[in-house]
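Have a look at the structure below, then the notes.
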Amino acid sequence: MPDVVSYDGYFFDLDGTVFLGDRLLPGVKETIDLLRTKGKKILFLSNTTIRTRRECQIRLQKLGLQARLDEIVTAAFAAAVYMREQQPDPTVLVVGEPALASELDEQGVRMTTRPEQTTHVLVGMDMKFDYAKLHRAMKAVRGGAELIAANPDPNCPVAGDIIPDTWAMVKAIEAASGVAPSAIVGKPSQFYASKVLEWCGLRGEHCLMIGDRLETDILFGHTGGMRTALVMTGVTTKREAELSPIRPDYVWHSMERFVELARAL
Numbered sequence: 123m124p125d126v127v128s129y130d131g132y133f134f135d136l137d138g139t140v141f142l143g144d145r146l147l148p149g150v151k152e153t154i155d156l157l158r159t160k161g162k163k164i165l166f167l168s169n170t171t172i173r174t175r176r177e178c179q180i181r182l183q184k185l186g187l188q189a190r191l192d193e194i195v196t197a198a199f200a201a202a203v204y205m206r207e208q209q210p211d212p213t214v215l216v217v218g219e220p221a222l223a224s225e226l227d228e229q230g231v232r233m234t235t236r237p238e239q240t241t242h243v244l245v246g247m248d249m250k251f252d253y254a255k256l257h258r259a260m261k262a263v264r265g266g267a268e269l270i271a272a273n274p275d276p277n278c279p280v281a282g283d284i285i286p287d288t289w290a291m292v293k294a295i296e297a298a299s300g301v302a303p304s305a306i307v308g309k310p311s312q313f314y315a316s317k318v319l320e321w322c323g324l325r326g327e328h329c330l331m332i333g334d335r336l337e338t339d340i341l342f343g344h345t346g347g348m349r350t351a352l353v354m355t356g357v358t359t360k361r362e363a364e365l366s367p368i369r370p371d372y373v374w375h376s377m378e379r380f381v382e383l384a385r386a387l
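First residue of the sequence shown? That's 123 in our numbering, and the numbers climb one at a time after it.
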């Protein structure tokens, strides 16, 4: 295995890896500071659809981490880029929080609330998901609109709890309409991986992806040809890590282990 400081690019998941709620996780600031002093490329890659990139930047700043806007990629931002680049003249019905619509608007993607005008139903986490939204999305999909998932996360870790995430809403719409999603944009998709590597200008084998979720973060790293590190500060349990066919290159109790390894070199 390469030394932990030998990579050119370091990609960090946010929830469960960098922070949990309003708490910066152990070893994170020391890790980021160390990598910055070595001139490494750093990106923060989140599957969130409830915050814009700017909101993520502000949240990191409040926790004591400085990050440029172009160092932050979210599933909401990636989904907006996907709709602009991959779909011809889309008209999108959004199921999600205002951040998702905001990223679409910034990319110049047209939106609607009318099922008969909809070409794509884009779904993110929606904390106000209800029967009316389910009915509207179902009508659009049954009328021919494509169902697009901004990410495949079934739940999300928060301080002291786990809450439903995007995939719960996607599966409800699929069950009601009888139509499965035609695309998933966030981690671990090939689209997300290819765009991240394009934006950072690095090859996958020169990058390390660090995250707390096997089926998104670690699989995302594998999709992009990266080395991977699983931190046990989020949703993945020791038992799940032992039984999963998705195998990270490193397993750390927290980012403190990275600091220990780096200082030992």
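Built from N, CA and C at the ideal position, the CB exists for glycine as well.
Boundaries (first-last residue) of the alpha helix (DSSP H) holding E152: V150 to T159
Contacts around L157, its chain only, beta-carbon distance under 8 Å, and the 5 residues preceding and following it disregarded: V127, Y132 and I164
Unbroken alpha helix (DSSP H) run spanning G333, endpoints: No alpha helix (DSSP H) contains G333, which is instead part of the beta strand (DSSP E) from C329 to G333.
Buried or exposed by the 16-neighbour rule on C-beta atoms within 10 Å, applied to M123: exposed
Environment of D339 [buried if 16+ CB atoms lie within 10 Å]: buried
Three-state secondary structure (DSSP) of L182: helix
Any beta strand (DSSP E) of 3 or more consecutive residues that is wholly inside the stretch 201-274: 213-217, 242-245 and 268-271
Stretch pair the stretch 352-361 + the stretch 186-202: three plus CB contacts closer than 8 Å: no
The ligand NAD heavy atom lying under 7 Å from the CB of R232: What this structure holds is no ligand at all, so the ligand NAD is not there to describe.
Three-state secondary structure assigned by DSSP to D144: coil
Terminal residues of the beta strand (DSSP E) in which Y314 lies: Segment Q312 to C322 is the alpha helix (DSSP H) holding Y314; no beta strand (DSSP E) there.
Segment limits, beta strand (DSSP E) that includes I295: Note, I295: premise wrong, no beta strand (DSSP E); alpha helix (DSSP H) at T288 to S299.
Cut-off 7 Å between Cβ atoms - residues of its own chain near Q209, not counting five sequence neighbours on either side: H242
Bridge partner(s) assigned by DSSP for Y372: A351
Buried versus exposed call for S304 [16 or more other C-beta atoms within 10 Å across all chains shown]: exposed
Backbone CA spacing between T359 and W289 [nearest angstrom]: 20 Å
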